[in-house]
Amino acid sequence: MAGLSHRQTEILNLARASGRVMVEDLARRFEVSAQTIRKDLNDLCEQRALTRIHGGAIIASGVENLAYEARRFVAAEEKKAIGAAAAALIPNGCSLFINIGTTTEEVASALTSHEDLLVITNNLNVAMLLYRHPRIEVIVAGGAVRRADGAVVGSTATQLIGQFKVDYAIIGASAIDEEGALLDFDYREVQ
(Lines of atoms letter the chains of each structure in order from A and count residues from 1; the text may use other names and numbers.)
(Lines give C-alpha, C1' and ligand atoms only; values in the text may rest on other atoms or scores of the structure.)
Protein backbone atom coordinates (compact mmCIF):
# COMPACT_ATOMS: atom_id res chain seq x y z
CA MET A 1 0.00 0.00 0.00
CA ALA A 2 1.30 3.40 -0.92
CA GLY A 3 2.12 6.01 1.66
CA LEU A 4 2.58 3.72 4.67
CA SER A 5 5.28 4.37 7.21
CA HIS A 6 7.67 1.57 8.13
CA ARG A 7 5.76 1.03 11.40
CA GLN A 8 2.39 0.91 9.63
CA THR A 9 3.76 -1.64 7.17
CA GLU A 10 4.98 -3.74 10.09
CA ILE A 11 1.60 -3.41 11.82
CA LEU A 12 -0.15 -4.56 8.66
CA ASN A 13 2.22 -7.53 8.34
CA LEU A 14 1.56 -8.50 11.96
CA ALA A 15 -2.19 -8.25 11.40
CA ARG A 16 -1.98 -10.43 8.30
CA ALA A 17 0.01 -13.04 10.18
CA SER A 18 -2.13 -13.24 13.31
CA GLY A 19 -5.49 -11.84 12.26
CA ARG A 20 -5.56 -9.04 14.78
CA VAL A 21 -3.33 -6.53 16.52
CA MET A 22 -3.88 -4.88 19.88
CA VAL A 23 -2.98 -1.26 20.70
CA GLU A 24 -1.13 -1.99 23.96
CA ASP A 25 0.93 -4.82 22.41
CA LEU A 26 1.91 -2.64 19.46
CA ALA A 27 2.79 0.30 21.71
CA ARG A 28 5.18 -1.92 23.68
CA ARG A 29 6.63 -3.53 20.56
CA PHE A 30 7.36 -0.24 18.79
CA GLU A 31 8.10 1.70 21.99
CA VAL A 32 5.61 4.45 21.19
CA SER A 33 2.48 5.71 22.92
CA ALA A 34 -0.89 4.04 22.59
CA GLN A 35 -2.15 7.24 20.97
CA THR A 36 0.49 6.94 18.23
CA ILE A 37 -0.61 3.36 17.55
CA ARG A 38 -4.28 4.38 17.49
CA LYS A 39 -3.42 6.96 14.82
CA ASP A 40 -1.56 4.30 12.81
CA LEU A 41 -4.55 1.95 13.08
CA ASN A 42 -6.96 4.71 12.09
CA ASP A 43 -4.81 5.49 9.04
CA LEU A 44 -4.76 1.82 8.07
CA CYS A 45 -8.52 1.63 8.55
CA GLU A 46 -9.02 4.68 6.32
CA GLN A 47 -7.10 2.81 3.62
CA ARG A 48 -9.38 -0.20 4.25
CA ALA A 49 -6.45 -2.43 5.18
CA LEU A 50 -7.72 -2.96 8.74
CA THR A 51 -10.99 -2.79 10.62
CA ARG A 52 -11.06 -1.40 14.15
CA ILE A 53 -12.18 -3.56 17.06
CA HIS A 54 -12.20 -2.70 20.77
CA GLY A 55 -8.56 -2.25 21.77
CA GLY A 56 -7.08 -2.89 18.36
CA ALA A 57 -7.82 -3.88 14.78
CA ILE A 58 -8.33 -6.92 12.56
CA ILE A 59 -7.39 -7.44 8.98
CA ALA A 60 -10.10 -6.13 6.67
CA SER A 61 -11.85 -8.75 4.59
CA GLY A 62 -11.44 -8.74 0.86
CA VAL A 63 -10.49 -10.97 -2.04
CA GLU A 64 -7.17 -12.05 -0.52
CA ASN A 65 -7.23 -15.37 1.34
CA LEU A 66 -6.07 -14.65 4.88
CA ALA A 67 -3.96 -17.06 6.88
CA TYR A 68 -6.19 -19.61 8.58
CA GLU A 69 -5.24 -18.59 12.10
CA ALA A 70 -5.91 -14.96 11.16
CA ARG A 71 -9.39 -15.85 9.88
CA ARG A 72 -10.31 -17.16 13.33
CA PHE A 73 -10.39 -13.55 14.58
CA VAL A 74 -12.41 -12.11 11.70
CA ALA A 75 -16.06 -11.85 12.81
CA ALA A 76 -15.37 -14.30 15.67
CA GLU A 77 -18.57 -13.52 17.59
CA GLU A 78 -20.66 -13.82 14.43
CA LYS A 79 -19.07 -17.19 13.62
CA LYS A 80 -19.83 -18.42 17.13
CA ALA A 81 -23.48 -17.33 16.71
CA ILE A 82 -23.70 -19.05 13.31
CA GLY A 83 -22.18 -22.17 14.85
CA ALA A 84 -24.75 -22.26 17.65
CA ALA A 85 -27.66 -21.61 15.26
CA ALA A 86 -26.53 -24.29 12.80
CA ALA A 87 -25.91 -26.85 15.54
CA ALA A 88 -29.42 -26.22 16.91
CA LEU A 89 -30.79 -27.44 13.55
CA ILE A 90 -28.91 -30.75 13.76
CA PRO A 91 -30.84 -33.48 15.61
CA ASN A 92 -29.29 -36.20 17.74
CA GLY A 93 -28.82 -39.54 16.03
CA CYS A 94 -27.85 -38.32 12.57
CA SER A 95 -24.83 -38.31 10.27
CA LEU A 96 -23.14 -35.24 8.91
CA PHE A 97 -20.16 -34.05 6.95
CA ILE A 98 -18.19 -31.00 8.11
CA ASN A 99 -15.57 -29.45 5.83
CA ILE A 100 -12.71 -27.05 6.50
CA GLY A 101 -13.38 -23.57 7.80
CA THR A 102 -13.30 -21.45 10.90
CA THR A 103 -17.09 -21.12 10.87
CA THR A 104 -17.61 -24.85 10.38
CA GLU A 105 -15.34 -25.39 13.39
CA GLU A 106 -17.69 -23.23 15.44
CA VAL A 107 -20.55 -25.50 14.37
CA ALA A 108 -18.52 -28.52 15.49
CA SER A 109 -17.78 -26.85 18.81
CA ALA A 110 -21.51 -26.25 19.33
CA LEU A 111 -22.29 -29.91 18.56
CA THR A 112 -20.35 -31.30 21.51
CA SER A 113 -23.48 -31.78 23.65
CA HIS A 114 -25.23 -33.77 20.90
CA GLU A 115 -25.59 -37.54 21.12
CA ASP A 116 -25.26 -40.40 18.68
CA LEU A 117 -23.72 -38.39 15.87
CA LEU A 118 -21.59 -39.76 13.06
CA VAL A 119 -19.32 -36.99 11.78
CA ILE A 120 -17.29 -37.39 8.60
CA THR A 121 -14.74 -34.63 8.10
CA ASN A 122 -11.69 -33.57 6.16
CA ASN A 123 -10.94 -31.00 8.88
CA LEU A 124 -8.38 -32.13 11.47
CA ASN A 125 -9.46 -29.27 13.75
CA VAL A 126 -13.05 -30.57 13.75
CA ALA A 127 -11.82 -34.10 14.44
CA MET A 128 -9.79 -32.83 17.40
CA LEU A 129 -12.81 -30.93 18.75
CA LEU A 130 -15.16 -33.92 18.56
CA TYR A 131 -13.27 -37.18 18.98
CA ARG A 132 -13.17 -36.96 22.81
CA HIS A 133 -16.96 -37.02 23.08
CA PRO A 134 -18.13 -40.61 23.63
CA ARG A 135 -21.50 -40.13 21.90
CA ILE A 136 -19.95 -38.74 18.72
CA GLU A 137 -18.17 -41.01 16.25
CA VAL A 138 -15.67 -39.26 14.00
CA ILE A 139 -14.37 -40.48 10.65
CA VAL A 140 -11.50 -38.49 9.16
CA ALA A 141 -10.81 -38.51 5.43
CA GLY A 142 -7.34 -39.72 4.54
CA GLY A 143 -4.91 -38.01 2.24
CA ALA A 144 -2.52 -35.11 2.16
CA VAL A 145 -2.84 -32.61 5.03
CA ARG A 146 -2.67 -28.98 3.96
CA ARG A 147 -0.30 -27.32 6.43
CA ALA A 148 -2.01 -23.95 6.21
CA ASP A 149 -5.22 -25.10 7.91
CA GLY A 150 -5.32 -28.82 8.68
CA ALA A 151 -7.57 -29.72 5.76
CA VAL A 152 -7.21 -33.21 4.33
CA VAL A 153 -7.38 -32.71 0.56
CA GLY A 154 -6.83 -34.54 -2.68
CA SER A 155 -8.26 -37.56 -4.46
CA THR A 156 -7.92 -39.97 -1.52
CA ALA A 157 -9.98 -37.67 0.70
CA THR A 158 -12.51 -37.09 -2.06
CA GLN A 159 -12.94 -40.85 -2.61
CA LEU A 160 -13.53 -41.56 1.08
CA ILE A 161 -16.01 -38.72 1.48
CA GLY A 162 -17.83 -39.88 -1.67
CA GLN A 163 -18.56 -43.26 -0.04
CA PHE A 164 -20.95 -41.71 2.47
CA LYS A 165 -24.49 -40.41 2.20
CA VAL A 166 -25.08 -38.13 5.17
CA ASP A 167 -28.15 -36.52 6.65
CA TYR A 168 -26.58 -33.06 6.88
CA ALA A 169 -23.55 -31.22 5.51
CA ILE A 170 -21.88 -28.23 7.13
CA ILE A 171 -20.02 -26.62 4.24
CA GLY A 172 -17.96 -23.47 4.43
CA ALA A 173 -16.96 -21.54 1.32
CA SER A 174 -15.00 -18.41 0.54
CA ALA A 175 -17.84 -16.91 -1.51
CA ILE A 176 -21.05 -17.65 -3.37
CA ASP A 177 -21.54 -16.36 -6.90
CA GLU A 178 -24.72 -14.91 -8.41
CA GLU A 179 -25.91 -18.36 -9.53
CA GLY A 180 -25.37 -19.87 -6.08
CA ALA A 181 -22.16 -21.77 -6.85
CA LEU A 182 -19.74 -22.12 -3.94
CA LEU A 183 -16.32 -20.58 -4.58
CA ASP A 184 -13.01 -21.22 -2.87
CA PHE A 185 -9.31 -20.40 -3.14
CA ASP A 186 -8.11 -24.02 -3.48
CA TYR A 187 -9.45 -26.24 -6.28
CA ARG A 188 -8.68 -29.36 -4.20
CA GLU A 189 -11.08 -28.17 -1.52
CA VAL A 190 -13.80 -27.53 -4.07
CA GLN A 191 -13.64 -31.19 -5.14
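Under this note's numbering, the residue at position 22 of the sequence shown is numbered 1012, and the numbers go up by one with no gaps. Quick reminder that beta carbons are idealized off the backbone N, C-alpha and C, glycines included.
- For G1046, the secondary structure class from DSSP, reduced to helix, strand or coil, is strand.
- Taking C-beta separations shorter than 7 Å and ignoring five residues to either side along the sequence, the partners of C1084 in its chain run L1107, D1157 and Y1158, following chain order.
- Counting every other CB atom within 10 Å of its CB across the protein chains shown gives Q998 a total of 16 or more, marking it as buried.
- Here DSSP, grouped into helix, strand and coil, assigns A1007 to helix.
- Contact between the stretch 1119–1132 and the stretch 1092–1105 is present: 3 or more CB-CB pairs across the two stretches fall below 8 Å.
- If you draw a straight line from the Cα of E1105 to the Cα of I1126, it comes to about 6 Å.
- Closest in C-alpha terms to I1090, from the list V1142, K1029 and E1014, comes V1142.
- For I1090, there is no enclosing beta strand (DSSP E), as DSSP gives it neither H nor E.
- Look at I1160 here: in three-state DSSP terms it is strand.
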